[in-house]
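> Quick one: the structure is below, and I'll ask about it shortly.
Residue numbers (UniProt numbering): 1 to 1221.
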């Protein structure tokens, strides 16, 4: 055998004899490798020969040293440098080629001892690179992690110690501040997911790596990092839910990537469960990004539809259509995508007599699509005539009835289960009612203890005064020392002057006896409180037991296989009937024969109890009533038929012993209700038990109430035009409202009453107070029903339509109380949504544009919404957060008046969110300390400060909330450029940011505001927007306020502001000065007289003193002065150019803003929400202070200094002077 001729050694390798020649050879190869990747294969072989040569001459250590030194030259290059990327790839391929089994790399022929040497070289290089992962240079960290990722791809085996070091370093780099480093760390770590460990510990560590990549995919704030994790995370059953969750990613590209790449890699729709398919399509078809919708639609109509052989029925079978919420939307999108080829779907081949849930679902969704897109020819070619449709529907209804009658055992089990569940729910509802009553009683006892504690202090003080008087009498001080003014209360001393020592002893005994009685009463109240505590504990235990019983009952029914099969079979039949009824609800019944046939089928099924009997289906009844309304001549005919059906069901279900007493349930109830009407008030206003001559079965009452509710939802005609439904209100609904112990019946009665109120205004007036009362001390479900009824009534008639005195205040207080109740998260979300709807519709906040921006209690309610949005502990209530996140921006950006209203509240909202530490400490006092303070403290003042408001509002410190983020959000809401359908010219005229700035500047001199909030205000002033067409007087007012505020910042002695804050304040003041100068030049060119706005302090003081003496004469003098000014303006009006409507509107807006600025300090937020009597006292006290103080500058502090000093009269003079030229 001939010996193979050896290849000649390249001159570059042959010339290596020492370390210098080795370094030169390696540098030459690296120099060529950085230019292009096309020559890498040749250069890798050459470098392998150099490696072997270094081993032969004993310079392996020198090879490693120079190799790492050459790598170091590329580590400092930033991302995007092609040369550095080529060097990294070259190094990785070479390392892979050194391994005989290197996957994807070039194999280099080595001697048998090379394996250990290669391992030593690789370890040396990796450990060298690990030294650079903590470098301060972000480029070095990026290149090091990038190289490590490339090396891990090439290496098939790695030492355990090196693996440990690599894993720890790369996990740490997942928290690097640079996103490019985190991306490379994810790429490198993802290679370790497939490494097979030698023991269980290594497998656990691989799972830890997978969890770290998952965490980065979920939580990293940079979309590219999450995308890298999405692409590199391993695909198996444990990671599929996390991967599919990226369909809700904030980044549209990541969401689209799920449908364009991920689902294809997973292997199609069959890999996913029904729940996963439901979630995925729900998220995608409702996505705000049209590209994501297209990607998901392409996936369904392309890959999934092709995978089932273009069989529409099989594709529908992939969804649980009887319970699916997205299946219909999917079908509509498929029809839309196949609009040109609808005839190829073969829907006309479906046999109506052999329907399945999939076939009937396709029929119904296709009919909906054709009807919506006016494809009437296709409807005529596929669907039968109305008469035939009625016959088919009747057949399936008969099938349903036969199936129910054929398995009476299962029907009996279902009836027993439903009865037990109702009993448990009723018991639970009664327990909840007792719990709420006990909680209310506990609050009353708490107030009683506070009052008794105060009374004890008064009695002790009285006894002390008696002892002091006796002491003076014994020592003779009472005779020798006369009373000095101010030593003691003259009235109290005069009261004791006429008392003898015996009488004083008698008074002392009486006081001690009274004190003993009060102490006994205190012990009695404490005993009652302890009893309530025990009662609440027992109720909690019973409540948990009832919930366990309900869960056991439900689980038992699910474990009964026969019952499960029966329910599934009945659900399928119900679904087929429901879809046929939905087709009929939109069907064309122009054919009178078909209409009568359908009417016959519907009436027979309802009257014969096929739909309202034992197997009652509320969903079927709802759709059946829609069909009945469709085929009725008019609403009165429909209402009369439904009333007859309900009364017949009641008659059939009445007890036998009541048949001689009345002819029908309707007549019996009418007699009772008419007797109540004769007494002149509604049944809800009387706390008396009306005895009925009969009883109604609970099951029958529930069926009738559900039918009545759906009938009322379909009726639009006012009740006064249709008296047939009134009988149901006075009979069935009244009966339900008296069954407060039966939760389901009582709740349905409230729902029906709320619907009746929408049809009858007098009914709404009579029952509105009852709905308000039910928002207090009732279970959450009842409160939600009552609140929805209140919102519907207000939406229909408005607050003024109720014609009740002070009703707006009562509504606001009740809404506020439920909005801040964190124990009922569902109610909180519903209340927030309802309030937002009322504000968006201007039902709340109805104002006169010339006068005000809203009623005080409504503004407080809007303020509570804003504060609730920012409160961090509401983050657990996702429904509430989502409602407020949508509604508040929509409200702020809808109209200018809405935005001005938000701007008006921002100052107080910001203060309440970030109070000073003194207030924070007072807020977190526990109940016992608060009771002791209230009991031992005498009320020395009536006026409430902001501290009291904050304490009463029960707002807790929010340390996680950043003032800067809150302020930026408020600035965005008040930005006039964000208002929809507003021109640039109108946005430049808006004063919303001017009002916001004024309210924020007042915070800087408020000692009750935290330092961080003050700094945030100063740093955020530059982000405010002031248009070119804003009014000059308003800007000059702001300029004066800034000058005063700037002095406060520069004279700061508490260290609140730093150099950066002062610099930002100076820059903002300069920008305002420049804007004012431009407006002044603009006004001079327009020929407008500019008047100095500096107020006359002395004149103001004199005016205030005169007003204190005779306010009546003041008003008359002001009227006379205004008449004189009007006369003077009339003389020069001929020389002035007429103003446009826009100019007049801006002047009125400025007047309104000035008035709000002055009045803002007087607004006492949240006081009215807690106690009406306290609010009236506060208003009276503030009225006295206002009358004593005269005209105040806005946000004046207690010591008399003013942040913003603008005189109302001077503003009026400016406007009058402007109008007079």
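C-beta: ideal position from N, C-alpha, C; glycine also.
1. If we ignore side chains and look at the alpha-carbon of each, how far apart do residue 58 and residue 186 end up?
2. Between the Cα of residue 336 and those of 260, 370, 698, spot the shortest distance and give me the residue it belongs to.
3. Any contact between the region 237-255 and the region 208-224? By contact I mean 3 or more CB pairs, one from each, below 8 Å.
4. Three-state secondary structure (DSSP) at residue 718?
5. Which full runs of the alpha helix (DSSP H) of 4+ residues lie inside the region 850-900, going along the chain?
6. Which same chain residues end up closer than 7 Å to residue 39 when comparing Cβ atoms and leaving out the 5 residues on each side of it in sequence?
7. Is the distance from the Cβ of residue 974 to the Cβ of residue 1075 below 7 Å?
8. Between the beta-carbon of residue 360 and the beta-carbon of residue 602, is there less than 7 Å?
9. If you measure between the beta carbons of residue 618 and residue 706, is that distance less than 7 Å?
10. Alpha carbon to alpha carbon, what distance is there between residue 276 and residue 284?
11. With respect to the alpha helix (DSSP H) encompassing residue 79, which residues constitute its N-terminal and C-terminal limits?
12. May I ask you to list the residues that DSSP assigns as paired with residue 915?
13. Would you tell me roughly how many angstroms separate the C-alpha atoms of residue 725 and residue 773, rounded to the nearest one?
14. Leaving out the 5 sequence neighbours to the left and right, which residues in its chain are closer than 6 Å to residue 954 when beta-carbon positions are compared?
15. Threshold first: 4 residues or longer. Then list the alpha helix (DSSP H) segments lying entirely within the region 26-93, N to C.
16. Please return the same chain residues whose Cβ sits closer than 8 Å to the Cβ of residue 526, not counting the five positions on each side in sequence.
17. For residue 150, I'd like the list of residues in its chain whose CB is within less than 8 Å of its CB, leaving aside the five on either flank, ordered along the chain.
18. What ranges does the alpha helix (DSSP H) occupy inside the region 143-229, keeping only unbroken runs of at least 4 residues that lie completely in it?
19. Report yes if the C-beta distance between residue 139 and residue 76 is below 7 Å; otherwise report no.
20. Out of 332, 813, 308, state which residue places its alpha-carbon closest to the alpha-carbon of residue 281.
21. Check whether the Cβ atoms of residue 1064 and residue 1018 sit closer than 7 Å, and answer yes or no.
22. Let me make sure I understand the geometry here. Which of 889, 752, 869 has the alpha-carbon closest to that of residue 880?
23. Where does residue 465 land, buried or exposed, given buried means 16+ other C-beta within 10 angstroms?
24. By a C-beta neighbour count over all protein chains shown, 10 Å radius and 16 as the cutoff for buried, is residue 302 buried or exposed?
25. Just to confirm my understanding: we take residue 776, look at its own chain, exclude 5 residues before and 5 after, and list those with CB closer than 8 Å. What are they?
26. Which whole-angstrom value describes the C-beta separation of residue 1250 and residue 843, a residue pair presumed to lie in contact below a C-beta threshold of 8 Å?
27. Taking the alpha helix (DSSP H) that residue 967 falls in, what are its first and last residues?
28. Using a Cβ-Cβ cut-off of 8 Å (strictly less than) and excluding sequence neighbours within five positions of residue 1222, which residues of its own chain qualify?
29. Quick check on the DSSP output: what are the complete alpha helix (DSSP H) runs of length 4 or more inside the region 588-632, in order along the chain?
30. From 298, 616, 210, 1003, pick the residue whose C-alpha is nearest to that of residue 415; which is it?
31. Tell me whether residue 886 is buried or exposed, calling it buried when 16 or more other Cβ atoms sit within 10 Å of its Cβ.
32. Excluding the five sequence neighbours on either side, which residues of its own chain have a C-beta within less than 7 Å of the C-beta of residue 366, listed in chain order?
33. If contacts are defined as beta-carbon pairs under 8 Å, then residue 595 and residue 645 qualify, I think. What distance do you get, rounded to the angstrom?
34. Can you round the beta-carbon distance between residue 497 and residue 470 to whole angstroms, since I take them to be within the 8 Å contact cut?
35. In its own chain, which residues sit with a C-beta less than 6 Å from the C-beta of residue 976, not counting the 5 before and 5 after it?
With the structure as the only source:
1. 38 Å
2. 370
3. yes
4. coil
5. 856-870, 878-892
6. 32
7. no
8. no
9. yes
10. 12 Å
11. Unbroken run through residue 79: none, as it is neither H nor E.
12. 1009
13. 26 Å
14. Its pLDDT being 39, under 50, residue 954 is placed unreliably by the model, and the measurement read from it follows with that caveat. Cβ neighbours of residue 954 beyond the five flanking positions: none.
15. 40-56, 60-75
16. 449
17. 88, 89, 91, 92
18. 160-173, 179-191, 200-219
19. yes
20. 332
21. yes
22. 869
23. buried
24. exposed
25. 814, 817
26. With the chain represented from 1 up to 1221, any question about residue 1250 goes unanswered, as that position is not in the structure.
27. 963-973
28. The first residue shown for the chain is 1 and the last is 1221, placing residue 1222 beyond what the model contains.
29. 592-607, 618-631
30. 616
31. exposed
32. 335, 347
33. Not confirmed; about 19 Å, so no contact.
34. Incorrect: roughly 13 Å between the Cβ atoms, too far for contact.
35. 987, 990, 992
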